[in-house]
Amino acid sequence: MKPAVESFEYEKVLAEYKAENSTIAIANAHKRYGTSSLRWEWEGESSLETSNFRLLSLEESPLAYGHHFPASPTLQMSIYNEEPQNNTISISFKSNGIRKVWFDIALSFKGWRRIWVPFYEMKGNPPKKTEAIDYDSFQISTDSSKGSLFFDDIIFSQYQDDRHQYPDEIVPFIKSDSILRTDLWMALPSNKEHLKNVEVTPISMAVRLDLKKIEALLDQDLVIAEKYKVYINTLRDLFQDLKIKDNGETVLGPPLTFKEVEEYYDESLQGPRVYNDVKNLGKVLKQLANFYTRANPTEQEEIKNMFLIGTKYFLDQGWQSGSSGGTRHHIGYNVREITEAFFSMRQLLYDNGLLNEVGASLHWLFNEGMLLNDESTFQVNIDYLNTQSYYHLMLIFLFEKQEMQATMLTAYSKYISLTLAQQKESGGFKIDGTAWHHNGHYPAYGIGAFTSVPKVIGTLAKTRFRIATEGHENFKNAFLKSRIYSQFYEWGFGNAGRHPIEGNGITPLKDQFLIMAYAGNPEGNEDIDKDVAAAYLRLWGKQDVMNTSIFAEVNGIQHENLSGHYTLPYAATAIHRRKDWAAILKGYNTYVWASEIYVNENRYGRYPSNGTIQLLNSQGEKGSGFQQEGWDWNRYPGATVIYLPFKELEPKKPLVMFRSNESFAGATTLDNNGVFGMILNEAKGTNADGPETKLGYPGKLMAKKSVFSFDDKLICIGTNISSIDKENSTQTTLFQTFLTTIKAPFYTSSGTIKRFPFKTELKQTSKSGSWLTDPYGNGYQILSNSPIQIKKEQQQSYHNKYSINTGSMNPKGKGIKETEGNYATAWLDHGVAPKNASYQYVIYPFLDKDSQKNFGRKVQKENSFKIERADSIAHIVFDKKSNTTGYVIFESNQDLGNYLLKEVSGPALVMLKEHTETTVTISAVQPDLNFPVGENGKFKNYSRPVALQLTLKGKWTAYPEDYIKKVDNYGENTTITLECVDGLPRMIKLSSL
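If you want the numbering used here, it's the 1-based position in the sequence shown plus 43.
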């Protein structure tokens, strides 16, 4: 069989190549994979041609996401040039001797270049995107007078994800018709030009002092603790493992690449796959930089030589300015250490004439010139904030002249200030404090920004380059909101994206909270941000005597109290907090996805947003009974689901981020209480990532769900529960909790359960309903006539990073496919294919031991609330203690009954508190975020206003608010017209006329 990749490892391959007016030879002066490459030398009009190749099919091509993203046939090859030349070569493919497609390359570079060129981007008669190709001859030709090149590792055609073929200075035509700035990883020649053409002006001494202050803070951030000593043998071993050496003319070594690159590899032709990962090279250079100034003179000289060899290797391998290496997608995650190393050793690089070339390389790689773009192009991106924002600041000091540094720092401060303030872009920080990435609230990505941006804000604080108030303020809102949706440090499974039950949380942000506190307030007129300091005291104050003293004793700042009810409309999430516990309520809708099911992560994550209720105490997930070992992925607490075998629960698609067609999911809050509701509909929806595609689940599960959170109880209602799945039952989970000991008891209305294993059905035994407590002290009162299924047993499950259907395993899963654990579980079974099932139950979170044992008496005496209505039109609950009625209204223009609130013009969530007969407070939300749709058919991720009319019995007047558009009194009723936006509560104070 003809090869799909040619690595030029054997002399016999030369017979397959016809060289006209030129000579070819197997060479090892420069090589990538294997032991050799092909050297081509020519004089005058020359060519090199072969038919000894085959084109890879879509199935043979290594594509991480399979067919999920469009992929097209792409030529991939490496070229080494010893001396830049004012010449070009042409690369073409033929059929039956006729040239069909081609492109030209300028030979103005030195070192290795890796290129990926899609056939649809070539000249001649190119195929359409994703279209198969069929050529029988590959040719390299030139009409230049003289020259030589080395070629290696030619993949004649493999299908490649169309997002990832990148242009550079020798193949600038790639994606020339695209808006390239939408891919933050793609280095752009236009940004390089910005840097070349920027105008600099003289600067004052005060500005020079600010520059030195900022540079010193950046240096200080990279200093390692004194306890780490220099071990030259360790450094030497690390460097030798790279297998690179300087032969006096150049630096030889394995190809320098990065793990995300998906290229076909044939070990039988190319030998063992030996390469250096750029991230690992960075770690070695960073180690050398860390100890350079601490070493003795002899060791320092050796460290210097190793560092300079590593630097030259980096450049020779094609990591120079203007080179994209075929692709550098997501490269920001891989070049942090190497950037820090070059920054730390900038004086050494300068002394050896390498600073400008290294600086230019990193300025290209990080698109430093984008800071000089027109501000209309600025677009916030959490990946940028995580992986590049701090390094953009650092790289400013790889420009030699302070005038250039000041110009770039001014542009940088403006860029960061404006993008941090943005709320209407596809990502970034929304008005409710959610951190958007992948078209949704994604704390796992947000935490990267929360790690990097405080260092930016803190470094520039109290200088002329400080981040402007609006950007600082919007970031602070999102940064602090992370501790609202986390308990104590963990944000739970509902917003975990593709990382369920894996200890996700804000624990790593301790230093960042301190930095933000000491950076001062957004206005820049206070040295300590009191809000951030108060949050720090609650989260870490007990561990930190020094800063607690500064905040509390010196500045009079006390730790915060978060008891209350909080809403995140852009995440379809509400958080009810009391004392030291939190209940996280999670839904989804047409704007907010249910979860991210990735190609090899969260493979069974269909249900974490199906109206889930996660109860977390101060010990976080693990301390509250949530553990991946043995976890049944069907049974997230509070979720209404079709209980499926895991093989069916796992989707066949590699990437699913399901959004329903329902706009109703949200919450409102009043006086620290709240109401949450959603319409669950799995029948029809869309996939939030990748091409806009329709999606739905065959069981067509539907339900109307609500949670009324009043003080220390959660009143849970579900109606209109239906599915068409005739094989698997529909269920609502009360709890699933890991047992630290199988003897852990839980109490029920039928007696105490200590046995293990154990199964039973708990039926209603009294007017007050059946009840039970879980092993973590949460009490459940079942008000509906619904039998409760209970079990204590060992459960077998699968790791979320393992796919049953494909057998693939993410390395992060550490080889664990199957898991097991002991659990106590309870659920309501609605039967197979229910048509109009329902439930009503109340949760009392984290009772003390006496309250658990006496829970039966508590529920018998419970009369603090009344469920007024629970049907397809509305769920209505009255809380006596607060004199508040909560409404989850699914249908518009319907008579709600004999209540003060008679009717609403659209689906809504309302809380109405009667203070006296003449004064009322209302909190109302029309939860439709009303995102606009872009030209590509995908949502633009920001809310537009929607109107909501509330009709009340009696005549009322409202205290003026800009969102109250109209108050009409007619007959015996009053209609109030509100403008709702962002899904946030509208507060109305009314007085009777």
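Just so it is clear, CB atoms sit at the ideal spot from N, CA and C, and this is done for glycine as well.
- Message: Among the candidates Ala-615, Phe-753 and Ser-752, whose CA atom is the shortest distance from the CA of Arg-702?
- Response: Indexing the sequence shown from 1 puts residue 702 at position 659. Selected option, being the one with the closest Cα: Ala-615.
- Entirely within the region 73-109 and at least 3 residues each: give me those beta strand (DSSP E) ranges in chain order. Whole beta strand (DSSP E) segments, 3+ residues: 80-93.
- Message: Just list the residues that DSSP pairs Glu-63 with in beta bridges.
- Response: The count along the sequence shown starts at 1 and reaches residue 63 at position 20. The partner list for Glu-63 (beta bridge, DSSP) reads Ser-90.
- Message: Tell me the DSSP secondary structure of Gly-663 in three-state form.
- Response: Taking the first residue of the sequence shown as 1, we reach residue 663 at position 620. Three-state result, Gly-663: helix.
- Quick one: using the 10 Å Cβ neighbour count with 16 as the cut-off for buried, is His-406 buried or exposed? Against the sequence shown, residue 406 aligns to sequence position 363. When all chains shown are included, His-406 counts as buried.
- Message: Check whether the region 185-203 and the region 122-129 are in contact - that is, three or more C-beta pairs closer than 8 Å.
- Response: Touching, yes.
- Determine, using beta-carbon pairs with one atom in the region 152-160 and one in the region 357-375, whether at least three such pairs fall under 8 Å. Yes, the region 152-160 is in contact with the region 357-375.
- Within 10 angstroms of its Cβ, does Pro-651 collect 16 or more other Cβ (buried), or is it exposed? For the purposes of this step, residue 651 is taken as residue 608 along the sequence shown, with counting starting at 1. Buried.
- Message: If you measure between the beta carbons of Lys-904 and Phe-921, is that distance less than 9 Å?
- Response: Start at 1 with the first residue of the sequence shown, and residue 904 comes out as number 861. Start at 1 with the first residue of the sequence shown, and residue 921 comes out as number 878. For Lys-904 and Phe-921, no; Cβs fall outside 9 Å.
- Ile-381 and Leu-324 closer than 9 Å at C-beta: Your numbering for residue 381 matches position 338 in the sequence shown. Your numbering for residue 324 matches position 281 in the sequence shown. Here Ile-381 is near Leu-324, since their CB atoms are less than 9 Å apart.
- Task: Say whether the region 640-647 touches the region 840-851, bearing in mind that this needs 3 or more beta-carbon pairs closer than 8 Å, one atom from each stretch.
- Result: Segment contact: the region 640-647 against the region 840-851, three or more CB-CB distances shorter than 8 Å; contact assigned.
- Could you give the DSSP three-state label for Asn-1016: helix, strand or coil? In the sequence shown, counting from the first residue as 1, residue 1016 sits at position 973. Strand, per DSSP.
- Excluding the 5 residues preceding and the 5 following Leu-414 in the sequence, name in chain order all residues of the same chain whose CB lies nearer than 6 Å to its CB. Position 371 of the sequence shown, counted from the start, is the residue given in the question as residue 414. The residues are Ala-454, Tyr-455 and Tyr-458.
- Figure out for me which residue from Gly-563, Gly-471, Asn-568 and Ile-183 has the closest Cα to the Cα of Ala-576. The residue given as residue 576 occupies position 533 in the sequence shown. Relative to the Cα of Ala-576, the nearest Cα in the group Gly-563, Gly-471, Asn-568 and Ile-183 belongs to Gly-563.
- Item | Contained beta strand (DSSP E) runs [length at least 3] in the region 881-905, N- to C-terminal order | Secondary structure in the region 881-905: no beta strand (DSSP E) run of 3 residues or longer lies completely within the stretch.
- Do you know how far the Cα of Glu-725 is from the Cα of Met-44? Indexing the sequence shown from 1 puts residue 44 at position 1. Indexing the sequence shown from 1 puts residue 725 at position 682. About 48 Å.
- Query: Can you tell which of Lys-747, Val-48, Gly-109 and Asn-598 has its C-alpha closest to the C-alpha of Thr-849?
  - Reply: Here residue 849 refers to the residue found at position 806 of the sequence shown. For Thr-849, the nearest C-alpha among the options comes from Gly-109.
- Message: Which same chain residues end up closer than 7 Å to Ser-529 when comparing Cβ atoms and leaving out the 5 residues on each side of it in sequence?
- Response: Taking the sequence shown and counting its residues from 1, the one referred to as residue 529 is at position 486. Taking Ser-529 as the centre and dropping the five residues before and after it, the same chain places the C-beta of Gly-548 and Ile-549 closer than 7 Å to its C-beta, in chain order.
- Query: When the Cα atoms are used, what is the spatial distance from Asp-971 to Ala-708?
  - Reply: Along the sequence shown, read from residue 1 onward, the residue named residue 971 stands at position 928. Along the sequence shown, read from residue 1 onward, the residue named residue 708 stands at position 665. Between Asp-971 and Ala-708, the C-alpha separation is close to 8 Å.
- Message: According to DSSP, is Ile-549 part of a helix, a strand, or is it coil?
- Response: In the sequence shown, residue 549 corresponds to position 506, counting from 1. The DSSP-derived three-state label of Ile-549 is coil.
- Query: Can the beta-carbon of Glu-411 be found less than 9 Å from the beta-carbon of Leu-438?
  - Reply: Position 368 of the sequence shown, counted from the first residue, corresponds to residue 411. Position 395 of the sequence shown, counted from the first residue, corresponds to residue 438. Yes, these two residues count as a Cβ contact at 9 Å.
- Query: Can you tell me where the alpha helix (DSSP H) with Ala-492 in it begins and where it stops?
  - Reply: For this step, residue 492 is matched to residue 449 along the sequence shown. 486-503 is the span of the alpha helix (DSSP H), which, as asked, contains Ala-492.
- Query: What is the residue span of the beta strand (DSSP E) that Arg-912 lies within?
  - Reply: Here residue 912 refers to the residue found at position 869 when the sequence shown is read from its first residue. Run containing Arg-912: 908-913, per the beta strand (DSSP E) assignment.
- Query: Mapping DSSP to helix, strand and coil, what is Val-347?
  - Reply: In the sequence shown, the residue the question calls residue 347 occupies position 304. The identity of residue 347 in the sequence shown is Lys, whereas the question assumes Val. Correct three-state label for Lys-347: helix.
- Query: Roughly how many angstroms lie between the CA atoms of Glu-63 and Gln-128, to the nearest whole one?
  - Reply: Locating residue 63 in the sequence shown gives position 20, counting from the first residue. Locating residue 128 in the sequence shown gives position 85, counting from the first residue. When rounded, the distance between both Cα atoms is 20 Å.
- Secondary structure of Glu-566, DSSP reduced to three states: Sequence index remark: in the sequence shown, residue 566 carries index 523 (1-based). Note: Glu-566 maps to coil in three-state DSSP.
- In chain order, what residues of the same chain lie with their CB nearer than 6 Å to the CB of Asp-872, ignoring the 5 residues before and after it? Looking up residue 872 in the sequence shown gives position 829. Closer than 6 Å at Cβ, skipping near neighbours: Ser-772, Gln-774 and Gln-832.
- Message: What does DSSP give as the partner residue(s) for Ile-141 in the beta ladder?
- Response: Within the sequence shown, numbered from 1, the residue matching residue 141 stands at position 98. Beta-bridge pairing links Ile-141 to Ser-138.
- Query: Considering only residues of the region 428-484, which uninterrupted beta strand (DSSP E) runs meet the minimum length of 3 residues and lie entirely inside it, listed in chain order?
  - Reply: Secondary structure remark: continuous beta strand (DSSP E) runs of at least 3 residues inside the region 428-484, in chain order: 478-480.
- Query: The beta strand (DSSP E) spanning Gln-992 covers which residue range?
  - Reply: Against the sequence shown, residue 992 aligns to sequence position 949. From DSSP, the beta strand (DSSP E) with Gln-992 extends over 989-996.
- Just confirm the distance between the C-beta atoms of Tyr-307 and Gln-201, as a whole number of angstroms; I'd bet it's less than 8 Å. Against the sequence shown, residue 307 aligns to sequence position 264. Against the sequence shown, residue 201 aligns to sequence position 158. The Cβ separation is near 5 Å, so the contact holds.
- Query: By Cβ distance below 8 Å, which residues in the same chain neighbour Ser-404 in space, the five residues on each side in sequence not counted?
  - Reply: Residue numbering aside, residue 404 sits at position 361 when the sequence shown is read from its first letter. A distance below 8 Å between beta-carbons, with the five flanking residues on each side excluded, links Ser-404 to the following residues of its chain, in chain order: Phe-357, Leu-358, Trp-362, Gln-363 and Ser-364.
- Message: Counting beta carbon pairs with one atom in the region 674-694 and one in the region 557-572, are three or more of them shorter than 8 Å?
- Response: Not touching, per the Cβ criterion.
- Task: Measure the alpha-carbon distance for Glu-88 versus Ser-138 and round it to whole angstroms.
- Result: Numbered from 1 along the sequence shown, position 45 holds the residue referred to as residue 88. Numbered from 1 along the sequence shown, position 95 holds the residue referred to as residue 138. Straight-line Cα distance between these residues: approximately 22 Å.
- Item | Top-ranked residue by Cα proximity to Gly-1026, from Val-976, Gly-476 and Val-241 | In the sequence shown, counting from the first residue as 1, residue 1026 sits at position 983. The residue among Val-976, Gly-476 and Val-241 with its C-alpha nearest the C-alpha of Gly-1026 is Gly-476.
- Message: Please classify Lys-1009 as buried or exposed, where buried requires at least 16 neighbouring CB atoms within 10 angstroms.
- Response: What you label residue 1009 is simply residue 966 of the sequence shown in a count that begins at 1. Exposed: under 16 other Cβ atoms inside 10 Å.
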